[in-house]
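Enquirer: First, the structure itself, so that you have it in front of you.
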Amino acid sequence: MSSPPQPKRRRIGIHKPFISPLKRADSSIATAENTPTRISTSNLRNETTPESLAIRHLESRIRELRAQNAILQQAVATSTSTSTSTSTSTTSATPTTQQPSRLETKWRRASQAAADTVFHDFSTRIRDNGGYTAFLRQQNTYKPFYSDQSNNDNNNKTTQGDEEDWRDEMGDVLTARGKKQRRRENEDKVKKQEEDEEEQEEQELGMGSMLQVLNIPFEVIGWDEKEQAWK
């Protein structure tokens with residue numbers, strides 16, 4: 001007797017878990033809520049808020065400091081290499097001792113060449129304006145007045161005006177003998193002044209004269225007044 005047929009069973013795909021559509025919607029909503037919104041740095045830089053301006057200032061300051069640091073590092077490296085090469089050299093002491101002398105000689109030669117150039121124009125201008133004597137007289141008129149003001153006040157009291165009012169240093173009226181001596185002193189002063197003017201006329205314009213007018217010491221620039229030549 002045959003057995004009755006087995007009823008057909010319905011196949012159920014249990015290899016995949018059942019996913020509810022409601023849960024999928026909830027998870028997508030939760031994921032969207034938990035994901036932070038990204039703000040591009042370009043938008044921040046383009047903003048004009050105080051925070052963005054401060055960030056820009058700090059960035060530019062950092063770039064400046066980096067550039068300065070690079071320059072300082074390069075300078076330190078250069079000085080270190082120079083000191084190392086100087087210490088390792090055995091003949092470095094001799095040139096350093098001779099360097100000031102060379103610089104002094106070079107400076108003197110340049111100054112002397114400049115003085116020769118200036119002297120040509122200087123002498124030409126003075127000759128065209130009355131000569132060296134007229135130039136010296138003009139220079140004497142520009143001397144400071146206040147340096148001899150006290151002496152001039154005393155001279156005004158003792159030598160100017162009528163002889164009857166001449167007085168000595170104490171303010172007393174001079175006697176006849178004192179007035180005679182005073183007249184002799186005045187004559188000597190006038191004579192000496194005339195001799196000085198004649199001596200100035202005989203004096204010729206030279207390099208030494210120009211250096212004196214310019215207040216340049218002979219020993220500094222290397223001028224020998226006796227030999228009338230450069231040292």
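For the sequence shown, full-length UniProt numbering assigns the number 1 to the initial residue and increments by one for each residue that follows.
Virtual Cβ for every residue (Gly too), placed ideally from N, Cα, C.
Computed from a predicted model, the values in this text were never measured in an experiment.
Does the Cβ-Cβ distance between Y132 and L205 come in under 8 Å?
Expert: Taking the sequence shown and counting its residues from 1, the one referred to as residue 132 is at position 132. Taking the sequence shown and counting its residues from 1, the one referred to as residue 205 is at position 205. Against a cut-off of 8 Å, the Cβ pair of L205 and Y132 comes out as a contact.
Enquirer: Quick one: residues in its chain with C-beta nearer than 6 Å to the C-beta of G222, no 5 flanking neighbours on either side, listed in chain order?
Expert: For the purposes of this step, residue 222 is taken as the residue at position 222 of the sequence shown. So the list reads R108, W230 and K231, once near-sequence residues are dropped.
Enquirer: The alpha helix (DSSP H) that contains I216, what's its start and end?
Expert: For the purposes of this step, residue 216 is identified with residue 216 of the sequence shown, where counting begins at 1. Note, I216: premise wrong, no alpha helix (DSSP H); not H, not E.
Enquirer: Cα-Cα, which of I216, K226, Q228 and S209 is closest to S123?
Expert: The count along the sequence shown starts at 1 and reaches residue 123 at position 123. Nearest of I216, K226, Q228 and S209 to S123, Cα basis: S209.
Enquirer: Give the straight-line distance between the Cα atoms of T175 and Q138, rounded to the nearest whole angstrom.
Expert: Counting from one through the sequence shown, the residue named residue 175 turns up at place 175. Counting from one through the sequence shown, the residue named residue 138 turns up at place 138. Using only the alpha carbons, I get a separation of about 39 Å.
Enquirer: With a cut-off of 8 Å on the beta carbons, I'd call F135 and M207 a contact; round off their distance for me.
Expert: Within the sequence shown, the letter at position 135 stands for residue 135. Within the sequence shown, the letter at position 207 stands for residue 207. Not quite, the Cβ-Cβ distance comes to about 15 Å (not below 8 Å), so this is no contact.
Enquirer: CA-CA distance, R182 and D121?
Expert: Working through the sequence shown from its first residue, we reach residue 182 at position 182. Working through the sequence shown from its first residue, we reach residue 121 at position 121. Cα-Cα distance, rounded: 47 Å.
Enquirer: Could you tell me if residue 232 is buried or exposed, where buried requires 16 or more neighbouring beta carbons within 10 angstroms of its beta carbon?
Expert: Because the chain here runs from 1 to 231, residue 232 falls outside it and cannot be looked at.
Enquirer: Check this for me: beta carbons of F218 and E225, under 8 Å apart or not?
Expert: Within the sequence shown, numbered from 1, the residue matching residue 218 stands at position 218. Within the sequence shown, numbered from 1, the residue matching residue 225 stands at position 225. Against a cut-off of 8 Å, the Cβ pair of E225 and F218 comes out as a contact.
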